[in-house]
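Peer 1: Before we start, here is the structure in question, set down as structure tokens.
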Amino acid sequence: MSQNRMKCLVAALLATAALGARAADDEIKVGACQPITGRFAFAGVNINAGLQDYLNYANEQKLVKGKKFTYFYEDSGYDTDKAVATFKKIMAQHSPVIMYGESTGLGKAIAPELNSRYKVLYASASFSSELANPATHPYSFLSGPSYADMFGVLLEYIAKNPKGKGKPKVAFFYSDTEFGKDPIPWARKRAAELGVEVAAEIVTKVGAVDVTTEVLALKKAQPDYVIFQGYVLAPIPEVIRGSRDHGLQTTFMGTFWSVDKTIIDKLGPDAEGYMGVNPYAYWYEDAPGVVAMRKYNEKVHPADAKYRPNSYIQGWFTGMVYVEAARRVVAAGKPVTGDNLKDALAAIQNWDTGGLTGKGGFVSNKYPVGRVYRANVQKGIFEPASDWITVK
Amino acid sequence: MRIGDYQESYAADEALFRTPTQRVWLMAAGAAAVVFPFLAGDYLLYLANLVGLLAIGALGLNILTGFTGQISLGHAGFMGVGAYTVAIAATRLSLPFWIAVPLGGAAACLAGAVVGVPSLRIKGLYLAISTLAAQVIFEWVFGNWTDLTGGIRGINVAPATFLGFAFDSDRRIYFLIHGLAALHAYGAANLFRTRVGRAFVAVRDRDLSAELMGVNLFRTKILAFMVSSYYAGIAGGMWVYFTKVVTPENFPLSLSIQFLAMIIVGGLGSVQGTLLGTVFITLVPEGLKVLTQAVRPFAPDAMSYLFPLRDILFGAMIVAFLIFEPHGLAEVWRRIRRFFALWPFPK
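Heads up: the sequence lines are chains U and F, in that order.
Mapping of the first sequence onto the numbering used here: position 243 corresponds to residue 360, and the numbering continues sequentially without gaps.
Mapping of the second sequence onto the numbering used here: position 201 corresponds to residue 235, and the numbering continues sequentially without gaps.
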């Protein structure tokens, strides 16, 4: 190698190092343990895409002055042990100030170290109310309402829209899991407050196939509304079909994971009248925030821009929260640390998300806003049945 | 190089580690294990702790399945019994860990004695199904006896402390976990040099002949279940102090199956094989992950295909193992040792 070439090489190396050093200064690192494989992969892939896209979008639009987001994600396989290992690995390799996690399990397992050692802002795919507790989980927040809040939205809707005379009757139909049982105690209390009668509570395994006895129980209780919790798909279609066969006129409702377009595709004509609560707007709505998201997708991923499921929007919204918190910290002239981010997050109130979700703010580390939607089978989409409801 | 097998006393003849080579390597491994936590980062330490915990559990299952021939699909359930006992003892009764963990072992041991009763009448696949039932029952109890187990939310536990010293970091608890793992591996290796252990093996090889030779079948089988679940209980108990939270979802059927995979890949009826199998099943997926991560800069969009590919590759490795090395990693290890016994001279 000639001397000149050597000099050039050294100069290039130095320049890279200098750039690297500078980049570290105006960089906000976001790490994520995403369930790209495993039984939650159907959502994990989309959440990951949504979160990554929003951070890139924020960089492109320069939403946080003088700062750039870098995103590191790894697959954690929806397995708590592996997810904790992945969490520690990302923290050790990149030391981000913001983390994303795959599940309620990870949130619980990492909490002691998150509070005492890592102190980074943390959000996850979970809507479990246990993680929305500033006393025990000061650094973690829900990027939406908790499942209990979602029940709150539905129960409020039911109380305002009774069928016939007398107290409206509702049945809770949930799975025998943490995901299924999480909101139930609160929902019972809330129903009593709102004057809604809980006519039946039915518990099954996730993905139960034979639901004959459960349908008969529904027939006996004759509820006006049934709320599903703790399922993604099965056995919701089976229960709805079975109930229709028995001539039940009940309105069936679901929470976040069971109000995606797939349920209409799966049920066909039986989906008519199916309702649910969604914390976010759907892909095809016309609010400015949603249009901006679609436009960005048309530009960056033209192949996927036709439709994106709710989990993508969940990831996108989580990104919005991260960016908003960081923007506030930077605007206040403070260093971007987990502590400052969590304080900035708690101060977000009356926030306009461009219609991606309702106007609102963070209350005990969650964003308790949601909207009731009804399936329109002909168009194959969900349409709003209420305004944005904030749960108090 | 080893050139002979001279023993000068009965004690030397009966020693667990008989050759100087073995002893030197064992000491080297021990020293490496002591130094490791001071060199390794968080991530490696966490994985090492996981391996240590699972190794205790897998040793238990190998005692039952590999040495006594009683197949069990309820091993994770026993681990759960130990874990919940420890969590309840530590939170409600405020017992220190050095009482709570043995208590967890004892509770799992009792549960094992009960679940083991049908083993006298049923064998093989039928026994597998009856232990599967135990797994389901345990899981149900963990999730639904809310007053005792905290239901789906589980129980949060403070770190283990001993005389004011808190085992609150991965490094500190490493010594506790690996100390216990070493102790239990040593116990298992010795067990099969005793009458009880040999009775286990006799039952596995031919239970009728064993009975004719004076082995009390009922007692032996129950004892095997008890010892095995005791190991699981200890593993579960340490698990609680390791993760500091216990929920019903920590001990699913898939974990029971993972334990079976460990002892099958490692080698049924081999203590060494169990340890190797645990390392293999726990670390190979992580290793494959590192490989897929390495590809990322070149194909950033291919990740959603590459990640699932890793699982397929892992499955293929297990199948390949069963076909080409049915005696497991223990046999591979033995071959390596035999090769080096005369090294550098040819056989």
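Beta carbons are placed, not taken as given, at the ideal position from N, Cα and C, and that holds for glycine.
Whose C-beta lies closer than 6 Å to the C-beta of R139/U among residues of the same chain, with five residues either side of it excluded?
Peer 2: Here the model assigns R139/U a pLDDT of 43, short of 50, so the residue's position is not dependable and the matter cannot be decided.
Peer 1: At the level of alpha carbons, what is the spacing between L87/F and V313/F?
Peer 2: Their backbone Cα atoms lie some 11 Å apart in a straight line.
Peer 1: Taking DSSP as the reference, what is the three-state secondary structure of N395/U?
Peer 2: Note: N395/U maps to strand in three-state DSSP.
Peer 1: Which residue wins for smallest C-alpha separation from S128/F, given the options P193/F, S243/F, Y220/F and S203/F?
Peer 2: Taking only the C-alpha atoms, the option nearest S128/F is P193/F.
Peer 1: Consult DSSP for P501/U and reduce its assignment to one of helix, strand or coil.
Peer 2: Note: P501/U maps to strand in three-state DSSP.
Peer 1: Counting along the chain, where does the beta strand (DSSP E) carrying I430/U start and finish?
Peer 2: From DSSP, I430/U is part of no beta strand (DSSP E) but of the alpha helix (DSSP H) over N427 to A448.
Peer 1: Who are the near neighbours of G471/U in its chain, counting only those whose CB is closer than 8 Å to its CB and skipping five residues on each side?
Peer 2: Closer than 8 Å at the Cβ level, and outside the excluded window around G471/U, lie A404, P405, G406, V407 and A409.
Peer 1: Measuring alpha carbon to alpha carbon, tell me which residue in L214/F, G139/F and V68/F is nearest S263/F.
Peer 2: For the residues L214/F, G139/F and V68/F, the minimum Cα distance to S263/F belongs to G139/F.
Peer 1: Just verifying my parser: in three-state terms, what is the DSSP assignment at R205/F?
Peer 2: In the structure shown, R205/F sits in a helix (DSSP, three-state: H, G or I).
Peer 1: Tell me whether K255/F sits in a helix, a strand or coil according to DSSP, three-state version.
Peer 2: Residue state, collapsed to three classes: helix.
Peer 1: Per DSSP, what kind of secondary structure is F196/F in: helix, strand or coil?
Peer 2: F196/F: strand per DSSP, three-state reduction.
Peer 1: How would you label N284/F, buried or exposed, when you count the other beta carbons within 10 angstroms and need 16 or more for buried?
Peer 2: With 16 or more Cβ atoms within 10 Å of its Cβ, N284/F is classed as buried.
Peer 1: Does DSSP put R488/U in a helix, a strand or coil?
Peer 2: DSSP places R488/U in strand when its eight states are reduced to three.
Peer 1: Could you work out which residue in P255/U, L311/U and F345/U is closest to V237/U when comparing CA atoms only?
Peer 2: Considering only alpha carbons, the answer is P255/U.
Peer 1: Cutting at 6 Å between CB atoms, please list the residues of its own chain near C143/F, excluding the five before and the five after it.
Peer 2: Within the same chain, C143/F has close Cβ partners M260, S263 and Y264.
Peer 1: Could one say the Cβ of M267/U lies closer than 7 Å to chain F's Cβ atoms, at least one of them?
Peer 2: Not one chain F Cβ lies under 7 Å of M267/U.
Peer 1: Between A140/U and chain F, is any beta-carbon pair separated by less than 7 Å?
Peer 2: At A140/U the pLDDT is 45, less than 50, meaning the model places this residue with poor confidence and gives no usable figure here.
Peer 1: For the stretch 322-346 of chain U, list the beta strand (DSSP E) runs that are entirely contained and at least 3 residues long, ordered along the chain.
Peer 2: With a minimum length of 3 residues, the continuous beta strand (DSSP E) runs that stay inside the stretch 322-346 of chain U are 342-346.
Peer 1: Given a threshold of 16 other Cβ atoms within 10 Å of its Cβ, counted over all protein chains shown, does M247/F qualify as buried or as exposed?
Peer 2: Result: exposed.
Peer 1: I need the boundaries of the beta strand (DSSP E) containing V58/F, first residue and last residue.
Peer 2: Taken as a continuous stretch (DSSP letters only), V58/F belongs to no beta strand (DSSP E), being part of the alpha helix (DSSP H) at P54 to L73.
Peer 1: Using 7 Å as the limit for Cβ to Cβ distance, is K255/F near chain U?
Peer 2: Not closer than 7 Å to any Cβ of chain U, the Cβ of K255/F fails to qualify, so no.
Peer 1: Looking at C-beta atoms only, is the number of pairs between the stretch 345-362 of chain F and the stretch 218-226 of chain U that lie closer than 8 Å three or more?
Peer 2: As far as the Cβ criterion goes, the stretch 345-362 of chain F does not touch the stretch 218-226 of chain U, which means the pair count is below three.
Peer 1: Applying the 10 Å Cβ sphere with the 16-neighbour rule, what's the burial state of M61/F?
Peer 2: Exposed, since its Cβ has fewer than 16 Cβ neighbours within 10 Å.
Peer 1: What are the start and end residues of the alpha helix (DSSP H) that includes E402/U?
Peer 2: Looking at the DSSP string, E402/U is not in any alpha helix (DSSP H), and its letter there is neither H nor E.
Peer 1: Apart from the five residues just before and just after T507/U, which ones in its own chain have a Cβ nearer than 7 Å to its Cβ?
Peer 2: So the qualifying residues of the chain are G475, G477, P485 and V486.
Peer 1: Does K185/U have its Cβ less than 7 Å from a Cβ in chain F?
Peer 2: K185/U does not count as touching chain F.
Peer 1: When the Cα atoms are used, what is the spatial distance from I381/U to V489/U?
Peer 2: Looking at the two C-alpha atoms, the distance is approximately 16 Å.
Peer 1: Could you give the C-beta distance for Y239/U and G436/U, rounded to a whole number, given that I count them as a contact under 8 Å?
Peer 2: 14 Å between Cβ atoms; not a contact.
Peer 1: Anyone know if the C-beta pair for G103/F and A266/F falls short of 7 Å?
Peer 2: It is not a contact, given that the beta carbons lie outside the stated cut-off.
Peer 1: Does D181/F come within less than 7 Å of chain U when only Cβ atoms are used?
Peer 2: So no, D181/F is outside the interface.
Peer 1: Starting from G75/F, find everything on chain C with Cβ-Cβ shorter than 7 Å and list it in chain order.
Peer 2: Here the protein chains are U and F, and chain C is not one of them.
Peer 1: Any beta carbon of chain U sitting closer than 7 Å to that of L81/F?
Peer 2: For L81/F, the answer is yes, since a Cβ of chain U falls inside 7 Å of its Cβ.
Peer 1: With a 10 Å radius around its C-beta and 16 neighbouring C-beta atoms as the bar for buried, classify D504/U as buried or exposed.
Peer 2: Looking at its Cβ environment, which holds fewer than 16 other Cβ atoms inside 10 Å, D504/U is exposed.
Peer 1: Between which two residues does the beta strand (DSSP E) harbouring T516/U extend?
Peer 2: In the structure as shown, chain U starts at 118 and stops at 509, and residue 516/U therefore has no counterpart that could be examined.
Peer 1: When the distance is taken between beta carbons, is T125/F closer than 7 Å to I189/F?
Peer 2: A contact, by the Cβ cut-off of 7 Å.
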